[in-house]
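Residue numbering for the sequence shown follows our numbering, starting at 1361 and increasing by one per position.
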Amino acid sequence: MYIDIKIQDNICSIYMNKPGTNSLDQKLLDELYKKVQWATEQKNIKIVIIMSKLSFGFSAGLDLGSFMDNQQTVFTDNVHN
């Protein structure tokens, strides 16, 4: 799991904690979406903050390689089916 949550005083802090640079691959984005969705459904949470546990930045951005690998698999599956 790449996401940690802390709730205090009606504030939900969602921390990205993926080793390296918090590069955004499908797994991290799915986890992040689920945690934000959960937080918005909680009546006691008034504020959601997305943060990073990295000491040097927030995120390196989208991990293009992981998405390209996935797109190649989808393309190959579609061609063979």
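We treat Cβ as the ideally placed atom computed from N, Cα and C, and that holds for glycine.
In the DSSP assignment, find the alpha helix (DSSP H) that holds D1390 and state where it starts and stops. Where D1390 is concerned, the enclosing alpha helix (DSSP H) stretches over 1386–1401.
If you run the structure through DSSP and keep just helix, strand and coil, what is L1424? In the three-state reduction of the DSSP assignment, L1424 falls in the helix class, which pools H, G and I.
Under 8 Å Cβ to Cβ from I1374, same chain only, skipping five residues before and after it: list those, please. I1363, D1364, I1365, L1392, K1395, V1396, A1399, V1408, I1409, I1410, M1411.
Just the Cα atoms here: how many angstroms apart are K1387 and L1422? Rounded to the nearest angstrom, the two C-alpha atoms are 12 Å apart.
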